[in-house]
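Colleague: Chains A and B supply the protein sequences, listed in that same order. Residue numbers for the first sequence follow the numbering used here, beginning at 1 and rising by one. Residue numbers for the second sequence follow the numbering used here, beginning at 1001 and rising by one. All C-beta atoms in this analysis are idealised placements derived from N, C-alpha and C, irrespective of residue type, glycine included. Would you mind keeping the following structure in view while I ask a few things?
2 protein chains.
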Amino acid sequence: MPEVPLKDSVGIVSPRRVHFGEDLALRSGKTLSGFDLMIETYGKLNEDKSNAILVCHALSGDHHAAGFHSKNDTKPGWWDHCIGPGKAIDTNLFFVVALNNLGGCAGSSGPTSLNPETGRIYGPDFPVVTVRDWVKSQVMLSDYLGIKQWAAVVGGSLGGMQVLRWAVSYPDRLRHAICIAAAPKLSAQNIAFNEVARHSIINDPNFHDGRYLEANTYPKLGLMLARMIGHITYLSDSAMREKFGRADSNFNTSSTNFGRDLRSGNLSFGFNVDFQVESYLHYQGERFSENFDANTYLLMTKALDYFDPSVDFDGGFSEALQHSNCKFLIISFSTDWRFPPERSREIVNDLLKAGKEVSYLEIEADQGHDAFLLPIPRYINALRAYLRQAHTEIIESAT
Amino acid sequence: MPEVPLKDSVGIVSPRRVHFGEDLALRSGKTLSGFDLMIETYGKLNEDKSNAILVCHALSGDHHAAGFHSKNDTKPGWWDHCIGPGKAIDTNLFFVVALNNLGGCAGSSGPTSLNPETGRIYGPDFPVVTVRDWVKSQVMLSDYLGIKQWAAVVGGSLGGMQVLRWAVSYPDRLRHAICIAAAPKLSAQNIAFNEVARHSIINDPNFHDGRYLEANTYPKLGLMLARMIGHITYLSDSAMREKFGRADSNFNTSSTNFGRDLRSGNLSFGFNVDFQVESYLHYQGERFSENFDANTYLLMTKALDYFDPSVDFDGGFSEALQHSNCKFLIISFSTDWRFPPERSREIVNDLLKAGKEVSYLEIEADQGHDAFLLPIPRYINALRAYLRQAHTEIIESAT
Chain A
1 MPEVPLKDSV
11 GIVSPRRVHF
21 GEDLALRSGK
31 TLSGFDLMIE
41 TYGKLNEDKS
51 NAILVCHALS
61 GDHHAAGFHS
71 KNDTKPGWWD
81 HCIGPGKAID
91 TNLFFVVALN
101 NLGGCAGSSG
111 PTSLNPETGR
121 IYGPDFPVVT
131 VRDWVKSQVM
141 LSDYLGIKQW
151 AAVVGGSLGG
161 MQVLRWAVSY
171 PDRLRHAICI
181 AAAPKLSAQN
191 IAFNEVARHS
201 IINDPNFHDG
211 RYLEANTYPK
221 LGLMLARMIG
231 HITYLSDSAM
241 REKFGRADSN
251 FNTSSTNFGR
261 DLRSGNLSFG
271 FNVDFQVESY
281 LHYQGERFSE
291 NFDANTYLLM
301 TKALDYFDPS
311 VDFDGGFSEA
321 LQHSNCKFLI
331 ISFSTDWRFP
341 PERSREIVND
351 LLKAGKEVSY
361 LEIEADQGHD
371 AFLLPIPRYI
381 NALRAYLRQA
391 HTEIIESAT
Chain B
1001 MPEVPLKDSV
1011 GIVSPRRVHF
1021 GEDLALRSGK
1031 TLSGFDLMIE
1041 TYGKLNEDKS
1051 NAILVCHALS
1061 GDHHAAGFHS
1071 KNDTKPGWWD
1081 HCIGPGKAID
1091 TNLFFVVALN
1101 NLGGCAGSSG
1111 PTSLNPETGR
1121 IYGPDFPVVT
1131 VRDWVKSQVM
1141 LSDYLGIKQW
1151 AAVVGGSLGG
1161 MQVLRWAVSY
1171 PDRLRHAICI
1181 AAAPKLSAQN
1191 IAFNEVARHS
1201 IINDPNFHDG
1211 RYLEANTYPK
1221 LGLMLARMIG
1231 HITYLSDSAM
1241 REKFGRADSN
1251 FNTSSTNFGR
1261 DLRSGNLSFG
1271 FNVDFQVESY
1281 LHYQGERFSE
1291 NFDANTYLLM
1301 TKALDYFDPS
1311 VDFDGGFSEA
1321 LQHSNCKFLI
1331 ISFSTDWRFP
1341 PERSREIVND
1351 LLKAGKEVSY
1361 LEIEADQGHD
1371 AFLLPIPRYI
1381 NALRAYLRQA
1391 HTEIIESAT
């Protein structure tokens, strides 16, 4: 962390492990007999416990959403620009809870944990978990924390799907649902990309049917490839062009910036790296593969594929949303082609059809799906304004 | 082939191998001392050899563009619906030549051929070839066939790039350039997808540094994965939805057809196939991996990445096109996100800037990049009309 502590940082934070002794019946029919959740909290819970915000993470996120773990820590939590004193999710106003979801690899019960029934690492035996299961475990966490109703549940991408599930299944336990860059269910193309990623992991010879940790290895190449594919879908074509084009290039004379030269040097006429985008993807894939668990990656992509809250409610998403009882803020990004604005507008239309109160914000942003994690002023300011208003309502309703 | 021969089919065709004894100096600096091209021809070359059309293939195509190889052959050539008596590329009017490009795996010199210098299979030693090299070899083929000027050079995708190269580098050797679903050069996203595909092949343990044939194996899983990724980029999101949605589903009640249920049955809560799109991709990947050479796949994707005719002409694509001397027909498809209409409009704009004669057709089609291979009436009829007009011009200019 910076030598002089930043005024708007939550500073040094300590994750904590919460153990739940109760059984958790999962959507698959299996049961977890007890489990752990790693959590972090920022800000102070007020007396009537009405100022709590739950932050749900996306595919590769975890409980470390803000602040630093030590003085020497150089990398803050994944949503640090958004959570802190005076920031959009203002810890002067709100008590913020972030957790690592079940099946994760950052300390909550998951494939890298010990299976209490066998004493062995779970690995592939950790059951498939769904968004519904996660939200169920988050409800148990709410009970543990004594939070009867969240001021807001917030999340982007897969996190936004948890927000939708909260609204549909636990209507009285949240006042605001803030769903960012998500969709009511995956498209065939979304599922296809996930399947290719899984295929790449499962077919890595070092996968060992998911027991790679016991074999003292890991499917590095498969996971790397999975992340490379993922990364392409997180960035827009134009973001890639901006990132990997050489602005000073002689070749930049075309009528559009497609003309930018993307090469990293002379052509190799071989299969080494010729273009900057190639080395970027290699780097991203490599870094990720060293820090993430392959079985968790499989579980997270299946949770995405399976997400479909409409199934329980006679099939229609607006029928499902009839059950909700909160206000909604839906946000999308113009160049997001993983969960494009069209998908968020579906949610909005189904909310309107269900007669619910919804605000919708479509942000012009060049960064593709990644935008939801970035400090884009219009987006962050809108989130700040919405949450300030929500806070005012809470204060008013308490008096 | 059908038991009763179809009137509009070219019928049974025989591929033939043409050997070139001359050296071919490649863009990489390497030289091929002699090479073979597999070709097929349909229709009759007229006396003044002015009615010839060259068909250039895309990534996985070959010389077998129309007709059947035997009476028992059930699958016609890859563009059979477009080439034949009375069809869009009318073999009653035109003499059509299709070839397998250098580096291919359907009989032309490539990684699966014997290297005459070593007596071993080329494998990874086959040099990297570029679109420019292909067109150079196609010029040699033209000379061999006695064709001084093609009535038209036609191709889609990577085939369209060969058409552009012809127009720029051999301006007097074609009257018409028909460039379908292509781009003036690849985007960073295009290159990224290619790199992931190559990465998947090269890291398959059965790749053996490209010497898999000598090791009596092949990188099936890597090639399968590469094709699965490719396939996602060939189809539009909406095409996938149409293909894999269950029209009779109870779940099809959402406000848009995103609501269609994509599942192939009950959820497995495991990592088997849950959705139709998964089994489709597996099938496509598997079939392809059994019929295509991995080294060829690497070469084809590099040819795509390297394509950039503007580089030789002071950097601008319109400067490059100044050198052309033919008429252009540029065609794109509305839902193609691999080479979207925007990229074709770039070509059109640069042609207009260069003062060239160009017709542009943007076809509303749901099928994504794949559309260029499909019998979409508006597209095929436009191609037919354009070529009839071209034929009339040829007749008139000869009299």
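1. Within its chain, find whatever has a CB closer than 6 Å to the CB of LYS1327 (chain B); leave out the 5 residues flanking it on each side and keep chain order.
2. Between PRO1205 (chain B) and chain A, is any beta-carbon pair separated by less than 7 Å?
3. With C-beta atoms as the reference, is GLY1067 (chain B) less than 7 Å away from GLY1011 (chain B)?
4. Rounded to the nearest angstrom, what separates GLN162 (chain A) and TYR280 (chain A) at their Cα positions?
5. Measuring alpha carbon to alpha carbon, tell me which of A:TYR170, A:ILE180, A:LYS7 ends up nearest SER344 (chain A).
6. Between the alpha carbons of VAL128 (chain A) and SER1268 (chain B), how many angstroms are there, rounded?
7. Could you give the uninterrupted runs of the alpha helix (DSSP H) lying entirely in the segment 147-203 of chain A, keeping only those of 4 residues or more?
8. What residues from chain A crowd round GLY1067 (chain B), counting only those whose CB sits closer than 7 Å?
9. For the segment 30-40 of chain A against the segment 59-75 of chain A, do three or more pairs of beta-carbon atoms, one drawn from each stretch, fall closer than 8 Å, so that the two count as touching?
10. What do you get for GLU278 (chain A), buried or exposed, if any count of 16 or more other CB atoms within 10 angstroms of its CB means buried?
11. Start and end of the beta strand (DSSP E) containing TYR1122 (chain B)?
12. Determine, using beta-carbon pairs with one atom in the segment 223-236 of chain A and one in the segment 284-295 of chain A, whether at least three such pairs fall under 8 Å.
13. Could you name the residues that DSSP lists as bridge partners for VAL139 (chain A)?
14. How big is the Cα-Cα spacing for PRO116 (chain A) and LEU1373 (chain B)?
15. Taking DSSP as the reference, what is the three-state secondary structure of GLY1259 (chain B)?
16. Does ASP62 (chain A) come within less than 7 Å of chain B when only Cβ atoms are used?
17. Assuming ASN1051 (chain B) and LEU1093 (chain B) make a contact with CB atoms under 8 Å, what is their CB distance in whole Å?
18. Let me know the secondary structure DSSP gives PHE269 (chain A) once reduced to three states.
19. Would you tell me roughly how many angstroms separate the C-alpha atoms of SER1157 (chain B) and ALA1215 (chain B), rounded to the nearest one?
20. Are there 16 or more other CB atoms within 10 angstroms of the CB of PRO1111 (chain B), so buried, or fewer, so exposed?
21. Terminal residues of the continuous beta strand (DSSP E) containing LYS409 (chain A)?
22. Measure the Cβ-Cβ separation of ARG173 (chain A) and GLN138 (chain A) and say whether it is below 7 Å.
23. When DSSP labels each residue in this structure, what does GLU214 (chain A) get in the three-state scheme?
24. Cβ closer than 8 Å: which chain B residues qualify as neighbours of GLN284 (chain A)?
25. Using three-state DSSP, classify MET1 (chain A) as helix, strand or coil.
26. May I ask you to verify whether the segment 41-50 of chain A touches the segment 66-85 of chain A, counting CB pairs closer than 8 Å and requiring at least 3?
27. For TRP1079 (chain B) and ARG211 (chain A), I'd like the C-alpha separation in whole angstroms.
28. Candidates A:SER70, A:SER169, A:LYS30, A:HIS69: which alpha carbon is nearest ASP312 (chain A)'s?
29. For VAL196 (chain A), which residues in chain B fall below 8 Å Cβ to Cβ?
30. Using the C-alpha atoms, what's the distance from GLY155 (chain A) back to HIS57 (chain A)?
31. According to the Cβ coordinates, are PHE307 (chain A) and ASP350 (chain A) closer than 7 Å?
32. Cβ of SER1200 (chain B) less than 7 Å from any chain A Cβ?
33. Does any residue of chain B bring its CB to less than 7 Å from the CB of PHE307 (chain A)?
34. What beta strand (DSSP E) runs, 3 residues minimum, are completely inside the segment 1061-1111 of chain B?
35. Kindly indicate which three-state DSSP category LEU1351 (chain B) falls into: helix, strand or coil?
36. Using a Cβ-Cβ distance under 7 Å, would MET983 (chain B) count as near chain A?
Modeller: Reading off the structure:
1. Within the second sequence, the letter at position 327 stands for residue 1327 (chain B). The residues are HIS1176, GLU1357.
2. In the second sequence, the residue the question calls residue 1205 (chain B) occupies position 205. At least one chain A Cβ lies under 7 Å of PRO1205 (chain B).
3. By 1-based counting over the second sequence, the position of residue 1067 (chain B) is 67. By 1-based counting over the second sequence, the position of residue 1011 (chain B) is 11. The answer is yes: Cβ separation under 7 Å.
4. Walking along the first sequence from the start, residue 162 (chain A) turns up at place 162. Walking along the first sequence from the start, residue 280 (chain A) turns up at place 280. Between GLN162 (chain A) and TYR280 (chain A), the C-alpha separation is close to 31 Å.
5. Residue mapping note: residue 344 (chain A) aligns to position 344 of the first sequence, counting from 1. Ranking the options by Cα distance to SER344 (chain A), first place goes to A:ILE180.
6. Within the first sequence, residue 128 (chain A) is the residue found at index 128, counting from 1. Within the second sequence, residue 1268 (chain B) is the residue found at index 268, counting from 1. If you take the alpha carbons of VAL128 (chain A) and SER1268 (chain B), they lie about 9 Å apart.
7. 158-169, 188-202
8. Looking up residue 1067 (chain B) in the second sequence gives position 67. The premise fails here: GLY1067 (chain B) is roughly 33 Å from chain A at the closest Cβ pair, so nothing lies under 7 Å.
9. yes
10. Here residue 278 (chain A) corresponds to residue number 278 of the first sequence, with the count starting at 1. It counts as buried.
11. One-based indexing of the second sequence puts residue 1122 (chain B) at position 122. Run containing TYR1122 (chain B): none; DSSP gives neither H nor E here.
12. At 8 Å Cβ cutoff, the stretches touch.
13. Indexing the first sequence from 1 puts residue 139 (chain A) at position 139. Partner(s): none; VAL139 (chain A) has no beta bridge.
14. Working through the first sequence from its first residue, we reach residue 116 (chain A) at position 116. Working through the second sequence from its first residue, we reach residue 1373 (chain B) at position 373. Looking at the two C-alpha atoms, the distance is approximately 56 Å.
15. In the second sequence, the residue the question calls residue 1259 (chain B) occupies position 259. In this prediction, GLY1259 (chain B) has a pLDDT of 41, which is less than 50 and means its spatial position is unreliable; what the coordinates show is noted afterwards. In this structure, GLY1259 (chain B) counts as helix in the three-state DSSP scheme.
16. Walking along the first sequence from the start, residue 62 (chain A) turns up at place 62. For ASP62 (chain A), the nearest beta carbon of chain B is not closer than 7 Å to its own beta carbon.
17. Indexing the second sequence from 1 puts residue 1051 (chain B) at position 51. Indexing the second sequence from 1 puts residue 1093 (chain B) at position 93. Indeed they touch by this definition, with Cβ atoms about 7 Å apart.
18. For the purposes of this step, residue 269 (chain A) is identified with residue 269 of the first sequence, where counting begins at 1. Here PHE269 (chain A) sits in coil by DSSP.
19. In the second sequence, the residue the question calls residue 1157 (chain B) occupies position 157. In the second sequence, the residue the question calls residue 1215 (chain B) occupies position 215. Using only the alpha carbons, I get a separation of about 33 Å.
20. Locating residue 1111 (chain B) in the second sequence gives position 111, counting from the first residue. By the 10 Å Cβ count, PRO1111 (chain B) comes out buried.
21. Nothing in the structure corresponds to residue 409 (chain A), since chain A is present only between 1 and 399.
22. What you label residue 173 (chain A) is simply residue 173 of the first sequence in a count that begins at 1. What you label residue 138 (chain A) is simply residue 138 of the first sequence in a count that begins at 1. No, Cβ-Cβ distance for ARG173 (chain A) and GLN138 (chain A) is not below 7 Å.
23. Position 214 of the first sequence, counted from the first residue, corresponds to residue 214 (chain A). In this structure, GLU214 (chain A) counts as coil in the three-state DSSP scheme.
24. Here residue 284 (chain A) refers to the residue found at position 284 when the first sequence is read from its first residue. Going along chain B, no residue has its Cβ under 8 Å from GLN284 (chain A), so there is no contact; the nearest lies around 11 Å.
25. Numbered from 1 along the first sequence, position 1 holds the residue referred to as residue 1 (chain A). DSSP places MET1 (chain A) in coil when its eight states are reduced to three.
26. Touching, per the Cβ criterion.
27. In the second sequence, the residue the question calls residue 1079 (chain B) occupies position 79. In the first sequence, the residue the question calls residue 211 (chain A) occupies position 211. Straight-line Cα distance between these residues: approximately 47 Å.
28. The sequence position of residue 312 (chain A) within the first sequence is 312, counting from 1. Checking every option, the nearest Cα to that of ASP312 (chain A) belongs to A:SER169.
29. For the purposes of this step, residue 196 (chain A) is identified with residue 196 of the first sequence, where counting begins at 1. Near VAL196 (chain A) (Cβ distances below 8 Å), the residues of chain B are LEU1225, MET1228, ILE1229, ILE1232, LEU1281.
30. For the purposes of this step, residue 57 (chain A) is identified with residue 57 of the first sequence, where counting begins at 1. For the purposes of this step, residue 155 (chain A) is identified with residue 155 of the first sequence, where counting begins at 1. Their Cα atoms are separated by approximately 6 Å.
31. Numbered from 1 along the first sequence, position 307 holds the residue referred to as residue 307 (chain A). Numbered from 1 along the first sequence, position 350 holds the residue referred to as residue 350 (chain A). A distance of 7 Å or more separates the beta carbons of PHE307 (chain A) and ASP350 (chain A).
32. The residue you call residue 1200 (chain B) lines up with position 200 of the second sequence. Chain A, which has a Cβ nearer than 7 Å to the Cβ of SER1200 (chain B), makes this yes.
33. Walking along the first sequence from the start, residue 307 (chain A) turns up at place 307. Chain B contact via Cβ: absent.
34. 1095-1099
35. Here residue 1351 (chain B) corresponds to residue number 351 of the second sequence, with the count starting at 1. Helix.
36. Here chain B comprises residues numbered 1001 to 1399, so residue 983 (chain B) is not present and cannot be evaluated.
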